[in-house]
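A.B. asks: Chains as they are written, first to last, in the numbering used here: chain X, 1 to 160; chain Z, 1001 to 1160.
I'd like to ask you about the structure that follows.
2 protein chains.
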Amino acid sequence: MDQTDWRILAELQQDGRLSFNELARRVTLSAPAVAERVRRLERDGVIDGYRATVNPGKAGLPFTAFVQMRCMLGRCLLKTTAADEFPEIVEIHRLSGRACTMLKVRAASMAHFEGLVERLGEHAELDTHVVLSTPFEGRPVSADAIRARPVTPSEGWTTS
Amino acid sequence: MDQTDWRILAELQQDGRLSFNELARRVTLSAPAVAERVRRLERDGVIDGYRATVNPGKAGLPFTAFVQMRCMLGRCLLKTTAADEFPEIVEIHRLSGRACTMLKVRAASMAHFEGLVERLGEHAELDTHVVLSTPFEGRPVSADAIRARPVTPSEGWTTS
DNA sequence: CATGAAAAGCCTCACCT
DNA sequence: AGGTGAGGCTTTTCATG
Chain X
1 MDQTDWRILA ELQQDGRLSF NELARRVTLS APAVAERVRR LERDGVIDGY
51 RATVNPGKAG LPFTAFVQMR CMLGRCLLKT TAADEFPEIV EIHRLSGRAC
101 TMLKVRAASM AHFEGLVERL GEHAELDTHV VLSTPFEGRP VSADAIRARP
151 VTPSEGWTTS
Chain Z
1001 MDQTDWRILA ELQQDGRLSF NELARRVTLS APAVAERVRR LERDGVIDGY
1051 RATVNPGKAG LPFTAFVQMR CMLGRCLLKT TAADEFPEIV EIHRLSGRAC
1101 TMLKVRAASM AHFEGLVERL GEHAELDTHV VLSTPFEGRP VSADAIRARP
1151 VTPSEGWTTS
């Protein structure tokens, strides 16, 4: 993962349909050279796919919320039901701490959202956070984040 | 947004690099017909882009967390600093309720994450949730979610 | 919305630096 | 590891029905 790889990732995260020719031009390399790098990134799983991004609001799902679940023993959502039963769930994360799961959900209306919360409530205690607006989502992964480590723990402390 | 549009969206969310030819074959339409539909979806903003999906772990950012911020007056993150200062933040959502903001952040290490939390702590009280694993993320937006409204509020209640 | 053809652009290979 | 050039092919986009 050198700097050229990061430039390629930046371009492809911004436009996943760039041709090797155009991509090569942007990172000042030849087409075969970028093609080989892209294939390596794909093979290593750094790039794990190419997707069209859908605007949920325009597609009829204007409501977004985060739902934290504190699952009741033996009734955890992930154990008892397939996620297919809840197409409104667009993300599931297992958490440390008091809540066992964080969900991101999308709904077509408040009534829809209310019904969803009722169904989810059968599996766990819920802590619901309705999203008012989202300044951004899906910001590209960049080398900047890896470099940004301004505050270091105190000397002698153990870290990972 | 008829059923054909949804089939197109499903295919393009799964593989954003499909050619019109291949896409046409999958939704049993001709190439010019799908091309016109895709362009309409793009023009209307239903499709708002095409992106390569990067695996954050493979790219050097294996730690994910959600951070809820209860911003101190006049020091709200979004008002006082550009988000550029925190490349670790991959999502920002404004929330209703006690917390004013939900962040999704990615870090290279625990030490990195610790530093990030310290920097963010200057802007707000934090409620941090470390992600252990994520069963899925970025599930395609589908017509199923819009159709799924099993529980309806009681008769006569006002809903939106 | 389908068909078919023409033109453009793309990928990739072999070869070389 | 990367550049060049040519070959062959797919894709796109018209025209027309």
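For glycine and all other residues, C-beta sits at the position ideal for the given N, C-alpha and C.
If you're wondering where the values come from, they're calculated on a predicted model, not measured in any experiment.
Which chain Z residues sit within Cβ distance under 7 Å of D15(X)?
C.D. replies: Here residue 15(X) corresponds to residue number 15 of the first sequence, with the count starting at 1. The answer, in chain order, is Y1050.
A.B. asks: What's the gap between the Cα of R139(X) and the Cα of E125(X)?
C.D. replies: Within the first sequence, the letter at position 139 stands for residue 139(X). Within the first sequence, the letter at position 125 stands for residue 125(X). Taking the straight line from one Cα to the other gives about 31 Å.
A.B. asks: Taking the alpha helix (DSSP H) that F86(X) belongs to, which residues open and close that run?
C.D. replies: In the first sequence, the residue the question calls residue 86(X) occupies position 86. From DSSP, F86(X) is part of no alpha helix (DSSP H); its letter is neither H nor E.
A.B. asks: Just mark G1115(Z) as buried or exposed, buried being the case when its beta carbon has 16 or more other beta carbons within 10 Å.
C.D. replies: The sequence position of residue 1115(Z) within the second sequence is 115, counting from 1. Flag for G1115(Z) reads buried.
A.B. asks: On the CB-based measure, 16 or more other CB atoms within 10 Å of its CB, does F1136(Z) come out buried or exposed?
C.D. replies: Numbered from its first residue, the second sequence carries residue 1136(Z) at position 136. Result: exposed.
A.B. asks: Closer than 8 Å to a non-hydrogen atom of the ligand FMN - does that hold for the CB of T4(X)?
C.D. replies: As for the ligand FMN, it is missing from this structure, which has no ligand bound.
A.B. asks: Name, going along the chain, the residues of the region 84–109 of chain X whose beta-carbon falls closer than 8 Å to a beta-carbon of chain Z.
C.D. replies: F86, P87, E88, I89, V90, E91, I92, H93, R94, L95, S96, G97, A99, M102, R106, A107, A108 and S109
A.B. asks: In terms of residues, what are the limits of the beta strand (DSSP E) holding L103(X)?
C.D. replies: Along the first sequence, one-based indexing puts residue 103(X) at 103. That run of the beta strand (DSSP E) goes T101 to A107.
A.B. asks: Rounded to whole angstroms, what is the Cα-Cα separation between I146(X) and S1160(Z)?
C.D. replies: Working through the first sequence from its first residue, we reach residue 146(X) at position 146. Working through the second sequence from its first residue, we reach residue 1160(Z) at position 160. The straight-line gap from Cα to Cα measures roughly 43 Å.
A.B. asks: Can you pull the chain Z residues whose beta carbon is under 7 Å from the beta carbon of N55(X), in chain order?
C.D. replies: Translated into positions along the first sequence, residue 55(X) becomes position 55. Chain Z residues near N55(X): G1045, V1046 and D1048.
A.B. asks: How is A31(X) classed by DSSP in three states: helix, strand or coil?
C.D. replies: The count along the first sequence starts at 1 and reaches residue 31(X) at position 31. In the structure shown, A31(X) sits in a helix (DSSP, three-state: H, G or I).
A.B. asks: Buried or exposed: K1079(Z), going by 16 or more other Cβ atoms within 10 Å of its Cβ?
C.D. replies: In the second sequence, the residue the question calls residue 1079(Z) occupies position 79. With fewer than 16 other Cβ atoms within 10 Å, it is exposed.
A.B. asks: With a threshold of 16 other CB atoms inside 10 Å of the CB of L164(X), please say whether the residue is buried or exposed.
C.D. replies: No statement about residue 164(X) is possible, as the shown extent of chain X runs from 1 to 160 and does not include it.
A.B. asks: Under 7 Å Cβ-Cβ, which residues of chain X neighbour E1137(Z)?
C.D. replies: Counting from 1 along the second sequence, the entry for residue 1137(Z) is found at position 137. Contact of E1137(Z) with chain X by beta-carbon distance below 7 Å involves E91.
A.B. asks: Return the CA-CA distance between L1012(Z) and A1031(Z), expressed in angstroms with no decimal places.
C.D. replies: What you label residue 1012(Z) is simply residue 12 of the second sequence in a count that begins at 1. What you label residue 1031(Z) is simply residue 31 of the second sequence in a count that begins at 1. If you take the alpha carbons of L1012(Z) and A1031(Z), they lie about 15 Å apart.
A.B. asks: Pull the bridge partners of C1071(Z) from the DSSP assignment, please.
C.D. replies: For the purposes of this step, residue 1071(Z) is taken as the residue at position 71 of the second sequence. According to DSSP, which records beta bridges pairwise, C1071(Z) is partnered with A1124(Z).
A.B. asks: Run through chain Z and tell me which residues come within less than 8 Å of M1(X), C-beta to C-beta.
C.D. replies: Here residue 1(X) refers to the residue found at position 1 of the first sequence. The contacting residues are A1059 and G1060.
A.B. asks: Any residues in the region 22–45 of chain X with a beta carbon nearer than 8 Å to a beta carbon of chain Z? Which ones, in chain order?
C.D. replies: D44 and G45
A.B. asks: DSSP three-state label for S141(X), please.
C.D. replies: On the first sequence, residue 141(X) is found 141 positions in, with the first residue counted as 1. Note on identity: in this sequence residue 141(X) is Val, with Ser being the wrong assignment. Note: V141(X) maps to coil in three-state DSSP.
A.B. asks: Below 8 Å on the Cβ atoms is my guess for A1083(Z) versus V1130(Z); work out the distance and round it to an integer in Å.
C.D. replies: In the second sequence, the residue the question calls residue 1083(Z) occupies position 83. In the second sequence, the residue the question calls residue 1130(Z) occupies position 130. Their Cβ separation, rounded to whole angstroms, is 21 Å, which puts A1083(Z) and V1130(Z) out of contact at 8 Å.
A.B. asks: Examine chain Z for any beta-carbon lying closer than 9 Å to the beta-carbon of F20(X), and answer yes or no.
C.D. replies: For this step, residue 20(X) is matched to residue 20 along the first sequence. Not an interface residue.
A.B. asks: Give every residue of the same chain whose Cβ lies closer than 8 Å to the Cβ of R1098(Z), excluding the five residues on either side of it in the sequence, and list them in chain order.
C.D. replies: The residue you call residue 1098(Z) lines up with position 98 of the second sequence. Excluding positions up to five away in sequence, the list reads R1070.
A.B. asks: Would you mind telling me which residues of chain X sit closer than 8 Å to H1123(Z), beta carbon to beta carbon, in chain order?
C.D. replies: Numbered from its first residue, the second sequence carries residue 1123(Z) at position 123. Ordered by position in chain X, no residue passes the 8 Å Cβ test against H1123(Z), which lies about 14 Å from the chain.
A.B. asks: Straight-line CA distance for I47(X) to T28(X)?
C.D. replies: Against the first sequence, residue 47(X) aligns to sequence position 47. Against the first sequence, residue 28(X) aligns to sequence position 28. In this structure, the alpha-carbon of I47(X) lies about 20 Å from that of T28(X).
A.B. asks: For D1127(Z), which of V1105(Z), A1024(Z) and S1109(Z) has the nearest alpha-carbon?
C.D. replies: By 1-based counting over the second sequence, the position of residue 1127(Z) is 127. It is V1105(Z).
A.B. asks: Roughly how many whole angstroms lie between the Cα atoms of Y50(X) and E1022(Z)?
C.D. replies: The sequence position of residue 50(X) within the first sequence is 50, counting from 1. The sequence position of residue 1022(Z) within the second sequence is 22, counting from 1. Between Y50(X) and E1022(Z), the C-alpha separation is close to 15 Å.
A.B. asks: With distance defined between alpha-carbon atoms, name the residue in R40(X), G16(X) and E155(X) nearest to M1(X).
C.D. replies: As a first step, residue 1(X) must be located in the first sequence, where it is residue number 1. Comparing Cα-Cα distances from M1(X) to each of R40(X), G16(X) and E155(X), the minimum goes to R40(X).
A.B. asks: Let me see if you follow: with CB-CB separation under 9 Å, is R1149(Z) close to chain X or not?
C.D. replies: Sequence index remark: in the second sequence, residue 1149(Z) carries index 149 (1-based). Cβ-Cβ to chain X under 9 Å: yes for R1149(Z).
A.B. asks: Between L1077(Z) and D144(X), what straight-line distance do the alpha-carbon atoms span, to the nearest angstrom?
C.D. replies: Residue numbering aside, residue 1077(Z) sits at position 77 when the second sequence is read from its first letter. Residue numbering aside, residue 144(X) sits at position 144 when the first sequence is read from its first letter. If I take the Cα positions, the gap works out to 19 Å.
A.B. asks: With 9 Å set as the bound, which would you pick, yes or no: does the beta-carbon of T4(X) sit closer than that to a beta-carbon of chain Z?
C.D. replies: Numbered from its first residue, the first sequence carries residue 4(X) at position 4. It does not; no Cβ of chain Z falls within 9 Å.
A.B. asks: Looking at the secondary structure, which residues open and close the beta strand (DSSP E) in which R1051(Z) lies?
C.D. replies: Here residue 1051(Z) is taken as the residue at index 51 of the second sequence, counted from 1. Unbroken beta strand (DSSP E) run through R1051(Z): I1047 to V1054.
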